[in-house]
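The structure under discussion appears below in the form of structure tokens.
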Amino acid sequence: MTKEDIQQILLRGESITLECKLARNALPKSVWETYSAFANTIGGTILLGIEEHKTEKDPVKKFTITGVDNAPKIVKDFWNTINSNKVSENILSDHDVQVVNMDGKTIICITIPQADWHVKPIYLNENILKNSFKRNHEGDYHCTEKEVKTMIRDANEDGNDGTLLKGFTMDDIDLSTLHSYRNFFSIVNQGHPWNDVEDKAFLMNLGGYIRDRKKETEGLTVAGLMMFGKGLPIRERFGNFRMDYLDMSNLVNGERYKDRLTYDGRWENNFYQFFRIVIPKLTFDMPRPFHLDGIQRIDDTIQIQAVREAFINAIIHCDLFCSAGILRIEKHDDRLCLRNPGILLLPINQVYAGGSSKARNPRIQTMLRMIGYGENVGSGFPKIVNAWEQAGWGAPILDNKLELNEVELTLFVPFNTKTKQKTKQKTKQKTKQKTKQKTEEIILQLIRETPTISRAELSKTIGKSRSTIYNYISKFKNIGVIKRIGGDKGGYWEVKE
């Protein structure tokens, strides 16, 4: 971090990822609330030795560089405190705390990353319920009890869907759903020993039914009920959660939607039924290049496989316990939108890069993988990005909506019903333009999420060549959309909205 870096950061003003504190003679007590808030949200930077004038509108005059009087002592106090029981976890390394000289005045810069899911929440004074903080655009705030419990659930190595549901038994299973799954399972896994066991034993093997030997109780797990349960018991236990599919493509005369699948009493609203009913609706008119394997036409393209993968991701990352959640799948003329309750457990650039994964519902993930749905750990989202890159349909956009506690994935698709209305030349031009626009959007999104991201990392993350990334970066710089603060090593990007 250099003087110029700090000046550029200050021009943007305090935000969800920046906090300035006066700290002339000592370490401010409020620094720990901000440490907790940044760690529990998406990370951020604390600048000590800067006074903010909150009523000032001119960004140049909004901050005064006051400096700190005894930087070595303040830094020492910071490290002594962060390694004490003041905070629940020290997630910083030595290079995360820097001392910077600005015109003879000393500034302390503390960079705080987003905490790993298994150590959240980061809390203060050994009081997890009262002293956990998060960050929004208005600053630090005390987490509600629900927010704390959500982070505790998400920190569970075993996931959220293995809980024994007291009072829910095999009578709450929709046998037609379970037997449909078992038939598919037997085809995919011929000769498997589970094919010959009775239904309860089969569910136990999958993690959908358990026995608690200590308490001498048994019953369905969250995974068993949500995958194969009857609609009424599911709504009884998870009345806060629902599934909804809307086809809003080719609307005419003020129509709101062409087709909808929601709770209407005509189907058992479990995950397996929802997935099997909706997937054909999403993919039946997707472009399918003509391809033969011998005399058989192959219609299962990598793009259709990627849509299935995206759907599965939405299911296995659902937070079923949040106060109000909707697994919502929408089909539009030019895109698919998949939303699930619960924010990302990993930083967004890590999701794009692949190689690691954390599912809230790992047993449901296993159930789907056992019948051939779902990729290996950490490879699902890169597969989606690669499939869209090969088709030239524009980069998928993954949006971590913190304020809504949900994740939205947008997949741009030139559906046949639309492309047939245009000539091949117009379709080619339109698709090329969309691809360019969406690639630009995803590059800017990644830079916003990770200002220190390199061109090489951008290239690897979205599957574009380095020369292509260089051209986009040059264009953004020329038109003033982004600016490089600092050198290639140790610098970062600034996005001007």
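Add 534 to a position in the sequence shown, counting from 1, and you land on the number used in our numbering. In this text, a Cβ means the ideal position worked out from N, Cα and C, and glycines have one as well.
The bridge partners DSSP lists for V565 come to none. Taking L932 as reference, the option from R903, L978, N895 and G889 with the minimal CA-CA separation is L978. The segment 704 to 721 makes contact with the segment 752 to 772; the number of CB pairs closer than 8 Å reaches 3 or more.
Cβ neighbours of L861 within its own chain (closer than 8 Å, five residues either side excluded): F775, R776, M777, D778, F808, A848, I849, C852, R873, N874 and P875.
The segment 575 to 588 and the segment 554 to 567 touch, with no fewer than 3 CB-CB distances between them shorter than 8 Å.
A Cβ-Cβ distance of about 6 Å is found for the pair K668 and Y675, placing them in contact under the 8 Å criterion.
Per DSSP, the continuous alpha helix (DSSP H) segment holding K680 begins and ends at E679 to D688. G601 places its beta carbon 8 Å or farther from that of T645. In chain order, A573, I625 and I656 place their CB closer than 6 Å to the CB of A649, counting only its own chain and leaving out the 5 sequence neighbours on each side.
In this structure, T817 sits away from C871, with a CB-CB distance that is not shorter than 8 Å.
Going by beta carbons, E802 and G859 fall outside the 8 Å limit.
Scanning the segment 754 to 812 for uninterrupted alpha helix (DSSP H) segments of 4 residues or longer gives 756 to 762 and 765 to 771, listed from N- to C-terminal end. In the displayed model, P814 falls within a helix according to three-state DSSP. In this structure, R869 sits away from V919, with a CB-CB distance that is not shorter than 8 Å. Contact annotation: the segment 607 to 627 does not touch the segment 591 to 599, with fewer than three C-beta pairs closer than 8 Å.
A residue is called buried once 16 or more other Cβ atoms fall within 10 Å of its Cβ, and D1022, having fewer, is exposed. Minimum Cα-Cα distance from T615 among the listed residues Y569, A990, I836 and V1015 corresponds to Y569. Taking a cut-off of 8 Å for Cβ pairs, the segment 998 to 1006 and the segment 891 to 910 do not touch, as fewer than three such pairs fall below it. A Cβ-Cβ distance of about 5 Å is found for the pair L878 and N934, placing them in contact under the 8 Å criterion. Judged by DSSP in its simplified three-state form, F736 adopts helix.
Taken through DSSP and simplified to helix, strand or coil, S666 comes out as strand. For I550, the closest C-alpha among the options D539, M782 and R982 is that of R982.
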